[in-house]
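To start, the structure under review is shown below, and the notes come after it.
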Amino acid sequence: MKVATYQMASCSGCHVALVNLGLDLIEPLSKGELVFSPVLVDSKDVSEADVAFIEGGVRNRENLEMLKKLRDKTETLVAFGTCACFGGVPGIGSAFKAADLLSEAYGDDFLPEGIPILEQRVDPVDAHVKVDYYFPGCPPPPKLLKSNIQRLLEGQQPSFYDLPVCAECQRVAKKEVTHDLKRIAENFPEPDECLLSQGFVCLGSVSRGGCEAPCTHAGVPCLGCRGPIDRVFVEPTHGILYDLSRRISHFTGKTEKEVRDKLRDIVHVFYSFTLSVPELRKKDAEDVYKLINRIKV
Numbered sequence: 014m015k016v017a018t019y020q021m022a023s024c025s026g027c028h029v030a031l032v033n034l035g036l037d038l039i040e041p042l043s044k045g046e047l048v049f050s051p052v053l054v055d056s057k058d059v060s061e062a063d064v065a066f067i068e069g070g071v072r073n074r075e076n077l078e079m080l081k082k083l084r085d086k087t088e089t090l091v092a093f094g095t096c097a098c099f100g101g102v103p104g105i106g107s108a109f110k111a112a113d114l115l116s117e118a119y120g121d122d123f124l125p126e127g128i129p130i131l132e133q134r135v136d137p138v139d140a141h142v143k144v145d146y147y148f149p150g151c152p153p154p155p156k157l158l159k160s161n162i163q164r165l166l167e168g169q170q171p172s173f174y175d176l177p178v179c180a181e182c183q184r185v186a187k188k189e190v191t192h193d194l195k196r197i198a199e200n201f202p203e204p205d206e207c208l209l210s211q212g213f214v215c216l217g218s219v220s221r222g223g224c225e226a227p228c229t230h231a232g233v234p235c236l237g238c239r240g241p242i243d244r245v246f247v248e249p250t251h252g253i254l255y256d257l258s259r260r261i262s263h264f265t266g267k268t269e270k271e272v273r274d275k276l277r278d279i280v281h282v283f284y285s286f287t288l289s290v291p292e293l294r295k296k297d298a299e300d301v302y303k304l305i306n307r308i309k310v
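Under our numbering, the first residue of the sequence shown carries the number 14, and numbering increases by one thereafter.
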């Protein structure tokens, strides 16, 4: 089995997670051949492959050209990590003009000579080519990554996980009304109570599990790094903002409008990893474009 990997707009953390599998990675790869992986080995030419793991979203023209080449030369293409699946954190850049981002980062005298031209949006991989499998996560959880790579290289279907993070969290929700929203940087949560019922904004109820809920177990609210569960995508009356506003309203006694007004930076709070996903942006319940106007660079 011939394997290829490629990194686009991302931090290379998914490739690090891949290498961190160590001996668990060597065994399945020993049955195949790594034919193209610029992050791990010095390789220039895109070779034909049975499986390609693509990390990162499409941010510039070079990303798009390489992605199309890999799709043409690959039997099975995997969106590897949340940036490839949903745009990830770089996708927040889609809220701004590319020229404004360059000016903010490098100043007005920046001359982009010889550098690939930035597209106006950050797109997930499937906005441009067909994706066969999705391995979400920032980075993908080691156990799921190991088992799915083994299954894929053995010619089997990867496993699919659609339960929310709450299904793996041991915290217990209480019905008492907390009357306020809390910031994790300013308050210490109770050790065993549901973070959402304490007034912390936790995305565990709308986010895909499979990670074993390490953040909530450590007292940190879920940020939704594995993207939404399927219900949020396919059911028209569900959405990240809609579902969370309703649940926070239940626990705090505030109206849903009061919740949204309190959370001024809604895009960063609810869409840190998924702003690039058209299916979420186009939902009336989400109303994301109006919310984008509230972001300040």
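We put the CB at the ideal spot given by N, CA and C, even for glycine.
For residue i, does the three-state DSSP call read helix, strand or coil?
| i | result |
| --- | --- |
| D218 | In the sequence as displayed, the identity of residue 218 is Ser instead of Asp. S218 falls in the coil class under three-state DSSP. |
| I308 | Because I308 sits at a pLDDT of 47, beneath the cut-off of 50, its placement in the model cannot be relied upon, and the point is left open. |
| E248 | coil |
| F283 | helix |
| Q170 | coil |
| V377 | Given a span of 14 to 310 for the chain in the structure shown, any question on residue 377 remains unanswerable. |
| A140 | helix |
| K156 | helix |
| A231 | coil |
| E271 | helix |
| P129 | coil |
| Q211 | coil |
| Q163 | helix |
| P241 | strand |
| P291 | helix |
For residue i, which beta-bridge partners are listed by DSSP?
| i | result |
| --- | --- |
| K15 | E46 |
Out of curiosity, what's the CA-to-CA distance linking residue i and residue j?
| i | j | result |
| --- | --- | --- |
| T250 | K143 | 27 Å |
| F286 | N76 | 19 Å |
| Y255 | G100 | 21 Å |
| A22 | R134 | 11 Å |
| C207 | Y284 | 21 Å |
| L178 | G240 | Here residue 178 is Val; the residue named in the question, Leu, does not match the sequence. Rounded to the nearest angstrom, the two C-alpha atoms are 11 Å apart. |
| I105 | V282 | 11 Å |
| F109 | P137 | 17 Å |
| V233 | D58 | 43 Å |
| L38 | Q170 | 18 Å |
| L257 | L31 | 32 Å |
| L4 | L90 | Any property of residue 4 remains undetermined from this structure, which presents the chain solely from 14 to 310. |
| V280 | T229 | 21 Å |
| F246 | C238 | 15 Å |
| V64 | Y147 | 13 Å |
| E271 | A186 | 22 Å |
| P103 | A111 | 12 Å |
| T95 | D274 | 28 Å |
| L36 | G45 | 15 Å |
| S289 | D243 | 16 Å |
| M14 | E78 | 24 Å |
| N200 | A231 | 14 Å |
Assuming residue i contacts residue j under a Cβ cut-off of 8 Å, what Cβ separation, rounded to an integer in Å, is found between them?
| i | j | result |
| --- | --- | --- |
| A17 | S50 | 7 Å |
| L276 | P155 | Not really, about 32 Å apart at Cβ, beyond 8 Å. |
| C27 | P152 | 5 Å |
| G217 | L157 | That belief does not hold up - the Cβ atoms of G217 and L157 are roughly 17 Å apart, past 8 Å. |
| V214 | I253 | Going by Cβ atoms, the distance from V214 to I253 rounds to 11 Å, so no, they are not a contact pair. |
| S60 | V52 | So it is not a contact: roughly 15 Å between Cβ atoms. |
Consider the C-beta atom of residue i and the heavy atoms of the ligand PLP; say whether any pair is separated by less than 6 Å.
| i | result |
| --- | --- |
| E206 | With respect to the ligand PLP, the structure shown offers nothing to examine, as it has no ligands at all. |
Please give the ranges of any alpha helix (DSSP H) in the segment 48-119, keeping only runs that are unbroken, at least 4 residues long and fully inside the region. 74-86, 95-99 and 111-119
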